[in-house]
Amino acid sequence: MGRTGRTICVIDDDEAVRDSLRILLELESFDVETFETCEDFLAWSPGDAKLCLILDLHLPGMSGFELLERLAADGRTFPTILMTARSDRAVRLQAASLGTLTLLDKPIEFASLIKALDGSARA
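Using full-length UniProt numbering, the first residue of the sequence shown is number 1, and each one after it goes up by one.
Printed below as a string of structure tokens:
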């Protein structure tokens, strides 16, 4: 079991972002799974693992917000860190309404991400 007791699921369409986050997070003793799309994440079967999502807001197909809405409708909620290159007041309000733990602007600062992930262990 990793640093937070949760599997960190990185969902981002940018392969370089996925790969670099996986490497950096594994070096910090996190268990990590990566997904290119929300649909790929939904098709994955995590068993009974506790999850924390690191989720890009703007994705092809289903958006990050749409994924969070779908999970909530299914009664599945996870601590979530949203990443976006384009945040504004409306995005922040919608993120908060969906129970997002943290909203980070891209490019993300790794120290801020680690702080948010460590906080997810208490969520």
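Don't be surprised by glycine CBs; every beta carbon is placed ideally from N, CA and C.
Within 10 angstroms of the Cβ of residue i, are there 16 or more other Cβ atoms? Answer buried if so, exposed if not.
i, result
"Ser29", "exposed"
"Leu93", "exposed"
"Arg18", "buried"
"Arg86", "exposed"
"Ile11", "buried"
"Gly47", "exposed"
"Asp56", "buried"
"Ala116", "buried"
Name the DSSP bridge partner or partners of residue i?
i, result
"Phe35", "Ile11"
"Leu51", "Thr7"
"Ile23", "Per DSSP, none; premise fails for Ile23."
"Thr80", "Leu53"
Does DSSP classify residue i as helix, strand or coil?
i, result
"Leu104", "strand"
"Asp88", "coil"
"Leu113", "helix"
"Leu57", "coil"
"Glu28", "coil"
"Asp74", "coil"
"Gly119", "helix"
"Gly64", "helix"
"Leu98", "coil"
Spell out a yes or no on whether the segment 75 to 84 and the segment 103 to 110 are touching, meaning 3 or more CB-CB pairs, one atom from each, closer than 8 Å.
Yes: the two stretches touch, three or more of their Cβ pairs being nearer than 8 Å.
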